[in-house]
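Inspection log for the structure reproduced underneath, given as structure tokens.
Protein chains: 2
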Amino acid sequence: MEFRRLKYFLAVAEELHFGRAATRLDMAQPPLSRQIAALEADLGVLLFDRSRSQIRLTQAGQVLQDHARQVLSRLEAAYRETRLVGTGSGGRLRIAFVGSASHGLLPTLIKSYRSYYPDVELVLSAMNNAELSHALIAREIDLAVARPELKDEEFRRELLCRETLILALPDNSRLASLPEIRFADLADQVFVLYPRRPRPGYADVVLDICAREGFSPAKLELTQDFQSAISLVSVGVGLSVVPESVSSTQRPGVVYRPYAGHNPGTALTVHARLDNRAPQVMNFLDITRKFARKTLA
Amino acid sequence: MEFRRLKYFLAVAEELHFGRAATRLDMAQPPLSRQIAALEADLGVLLFDRSRSQIRLTQAGQVLQDHARQVLSRLEAAYRETRLVGTGSGGRLRIAFVGSASHGLLPTLIKSYRSYYPDVELVLSAMNNAELSHALIAREIDLAVARPELKDEEFRRELLCRETLILALPDNSRLASLPEIRFADLADQVFVLYPRRPRPGYADVVLDICAREGFSPAKLELTQDFQSAISLVSVGVGLSVVPESVSSTQRPGVVYRPYAGHNPGTALTVHARLDNRAPQVMNFLDITRKFARKTLA
DNA sequence: TGGTGCAATACCCAAAAGGTATCGGCCAGT
DNA sequence: ACTGGCCGATACCTTTTGGGTATTGCACCA
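Going down the list, the sequences are from chains A and B. Counted the way my numbering counts, the first sequence spans residues 8 to 304. Counted the way my numbering counts, the second sequence spans residues 8 to 304.
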């Protein structure tokens with residue numbers, strides 16, 4: 008049961024000459040002879056017919072030659088693929104992100120990662136912050152792109168981008184035609200907020216702006232996620248406060264407007280488990296870091 | 008490229024515990040840890056995630072586990088099959104025989120061999136003595152069953168059986184109805200002999216009997232092999248002198264009769280190259296020896 | 001019958017693998 | 001927070017295995 012012996016055996020089987028095989032294996036002839044003898048002893052089988060000046064393979068030797076070639080090439084493949092996955096050039100990376108990240112820098116970041124590591128299988132899914140946290144802890148995902156950042160101390164994090172908040176308004180809203188919108192004037196508006204759960208969450212960031220601007224919204228409409236909120240805005244239910252980047256994607260019935268007043272902004276942060284040092288994860292975080300530097304500069 | 012390490016790796020991958028894996032491998036834990044570390048160093052890849060109390064496989068580790076299982080089972084199969092072929096329980100045995108052997112003891116001998124070694128593939132073919140000799144020397148066959156024995160000193164031989172000669176007559180022959188046939192009375196008969204080439208051969212054995220009985224056949228008909236000779240007999244061309252065993256198979260138009268007079272008999276002998284010590288060959292010769300003892304006794 | 005080519009053997013040294021003792025880090029239980 | 005226990009890693013030594021050089025032994029050839 009030794010691999011080296013198979014390699015030696017194949018060399019002798021191909022050369023049909025111990026001396027030449029030893030040269031090819033870059034070793035002396037006697038140890039080669041001994042290894043072959045040991046292999047034969049292990050098997051209890053003669054592999055070479057040494058009766059004549061010309062060595063020849065026995066039937067058993069031919070059988071072993073066929074198998075040994077397969078075994079060694081399989082082994083080679085095993086090592087190659089393991090290295091690929093182990094260095095992060097292959098394998099799988101499971102990334103989940105908040106819905107509001109699907110329009111801004113994240114797609115570009117992911118494209119950038121793919122250009123460096125085209126053979127890594129990406130598994131993408133959208134979740135809210137609470138689900139992201141759960142999934143990350145349960146190791147159901149490798150990376151979580153959250154807004155705002157997740158609080159857990161067991162996570163490694165990398166800031167992707169900061170952006171200001173803007174208003175998403177129904178296009179028939181009176182506000183849409185004003186030259187400037189002051190947040191403090193929105194007290195009588197219907198605020199479409201998300202997520203409904205868990206609280207505190209992004210919805211509370213918006214409520215905090217209201218409080219700072221001196222009011223509490225007349226009416227709240229809570230949805231589970233960003234996509235639903237925008238849908239409600241588009242049908243005229245009310246306005247929403249969203250990250251600036253989402254305005255890059257136009258949607259019928261919705262217009263985006265900056266506002267005057269307190270603007271805490273919002274940040275997209277990439278998270279991974281501290282104990283997950285998988286090269287795919289580390290590579291993605293490295294690229295995120297470079298990407299963020301370039302973008303913030 | 009070390010095989011033991013794969014086995015160790017699989018044990019740890021399955022137990023996810025170095026201590027238990029070491030116990031299962033019947034060794035101490037430290038060398039096991041070191042072998043795994045060496046494997047990881049060889050690959051330049053982490054295979055286990057040791058960050059928590061519970062060890063887990065990395066992605067690369069899972070890939071290697073899958074491959075390692077395959078490699079090891081392939082290796083196992085390689086060893087198993089090589090042993091099978093190497094001990095003569097498997098593989099192939101190429102036997103050629105003279106046509107006149109296809110009716111007597113040879114089929115029984117072959118059946119006997121098959122009952123001991125059912126997994127050996129038998130490749131059977133019929134040849135005359137000269138072809139047998141050639142094929143054996145050229146290693147195109149492993150065993151030659153010849154009549155009479157081949158002269159080459161490079162052959163190992165095993166006597167299968169001796170038998171007396173009898174006459175094969177056309178069934179409408181006048182001779183067929185006689186109570187006794189004396190060979191010396193056959194001088195005016197047409198003798199159907201074989202093989203045409205090479206000479207001297209079996210045909211000369213028969214001519215020698217004629218000479219000893221004091222005549223030279225009035226007419227000779229030479230054919231290439233036993234089968235053709237019997238065919239000519241069956242259509243009334245003449246008589247032939249054949250081994251007794253062929254009479255066990257009846258053929259329309261042919262009757263067999265013993266004769267009085269010189270009867271040198273004939274022997275069936277199994278031959279192999281002296282340098283062919285393949286277990287399949289040795290086993291067949293062993294069985295032939297036992298078989299011959301039993302039959303001659 | 002000596003010469004040559006090649007695998008096998010003898011003998012020695014270096015490298016690798018295994019064993020025992022021990023360290024160090026991480027939980028768990030008080 | 002401290003401590004004991006579990007478990008993998010490290011240190012250090014011993015044994016085993018593999019490789020190298022020199023030489024033998026066996027065919028084949030002239």
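All C-beta atoms in this analysis are idealised placements derived from N, C-alpha and C, irrespective of residue type, glycine included.
So which of A:E156, A:R57, A:L112 has the shortest CA-CA distance to K297 of chain A?
-> A:L112
Is it right to say H278 of chain B is buried, meaning 16 or more other beta carbons lie within 10 angstroms of its own, or is it exposed?
-> buried
Given R219 of chain A as reference, the closest of A:A210, A:D149, A:F190 once Cα atoms are compared = A:F190
Starting from T256 of chain B, trace the alpha helix (DSSP H) both ways and give me its first and last residue.
-> Element bounds for T256 of chain B: n/a, residue is neither H nor E.
Taking all protein chains shown into account, decide if E165 of chain B is buried (16 or more other Cβ within 10 angstroms of its Cβ) or exposed.
-> buried
Would you grab the beta carbon distance between V197 of chain B and V152 of chain B for me? Rounded to a whole angstrom, and I think it's under 8 Å.
-> No, V197 of chain B and V152 of chain B are not in contact; Cβ-Cβ is about 29 Å, not under 8 Å.
C-beta neighbour in chain A for D33 of chain B, strict 9 Å = no
Neighbourhood of L32 of chain A by C-beta distance below 6 Å, restricted to the same chain and skipping five residues each side = A18
Cβ of H74 of chain A within 9 Å of any chain B Cβ | yes
Give a yes or no on whether 9 Å exceeds the smallest Cβ distance from Y86 of chain A to chain B.
-> yes
Nearest-angstrom Cα distance between L100 of chain A and D126 of chain A?
-> 11 Å
Outcome for Q66 of chain A when other beta-carbon atoms lying within 10 angstroms are tallied against a minimum of 16 = buried
According to a CB-to-CB cut-off of less than 8 Å, which residues of the stretch 55-67 of chain A neighbour chain B?
-> D56, S58, R59, T65, Q66, A67
Would you mind listing the alpha helix (DSSP H) stretches within the stretch 94-132 of chain A that are 4+ residues and don't spill past its ends, in chain order?
-> 112-123
Say whether chain B places a C-beta atom closer than 9 Å to the C-beta of L53 of chain A.
-> yes
Could you list which residues in chain B have their beta carbon closer than 9 Å to that of D282 of chain A, in chain order?
-> D56, S58, R59
Does the Cβ-Cβ distance between L13 of chain A and I62 of chain A come in under 9 Å?
-> no
Express the C-alpha separation of V52 of chain A and R87 of chain B in angstroms, rounding to a whole number.
-> 11 Å
Nearest neighbour of P177 of chain B, chosen from B:S107, B:V242, B:H141 [CA to CA] | B:V242
Range covered by the alpha helix (DSSP H) that runs through V152 of chain A | Note, V152 of chain A: premise wrong, no alpha helix (DSSP H); beta strand (DSSP E) at 150-153.
Measuring CB to CB, does T94 of chain A end up less than 9 Å from L172 of chain A?
-> no
Please classify Y266 of chain A: does DSSP put it in a helix, a strand, or coil?
-> coil
Using alpha carbons as the reference points, say which of A:Q42, A:L39, A:D215, A:F25 lies closest to S60 of chain A.
-> A:F25
For D149 of chain B, does the count of other Cβ atoms within 10 angstroms reach 16, so buried, or fall short, so exposed?
-> buried
Which one or two residues does DSSP pair with L246 of chain A in a beta bridge?
-> A:F198
Would you kindly report the start and end of the unbroken alpha helix (DSSP H) that includes A236 of chain A?
-> 233-241
Report yes or no: do the stretch 114-133 of chain A and the stretch 254-271 of chain A share at least 3 C-beta pairs separated by less than 8 Å?
-> no
Find the residues of chain A that neighbour L50 of chain B, judging by a C-beta separation of less than 8 Å, and give them in chain order.
-> Y86, T89, R90, G93
Since Q77 of chain B meets chain A, which of its residues come closer than 7 Å, beta carbon to beta carbon?
-> R81
Starting from A285 of chain B, find everything on chain A with Cβ-Cβ shorter than 7 Å and list it in chain order.
-> T65, Q66
Exposed or buried, V130 of chain B, counting other C-beta atoms within 10 Å across all chains shown (16 or more means buried)?
-> exposed
Residues of its chain near I102 of chain B, where Cβ-Cβ distance is below 6 Å and the 5 sequence neighbours each way are ignored = L131, L150
Would you say L50 of chain B and L64 of chain B are within 9 Å of each other, going by their C-beta atoms?
-> no
Host beta strand (DSSP E) of H278 of chain A (start-end) = 273-280
is_contact[S150 of chain A, chain B] using C-beta, thresh 9 Å | One point to set straight first is that residue 150 of chain A is Leu, not Ser, in the sequence displayed. So, not an interface residue.
Residues in its own chain within less than 6 Å of F222 of chain B by CB, not counting five upstream and five downstream?
-> A194
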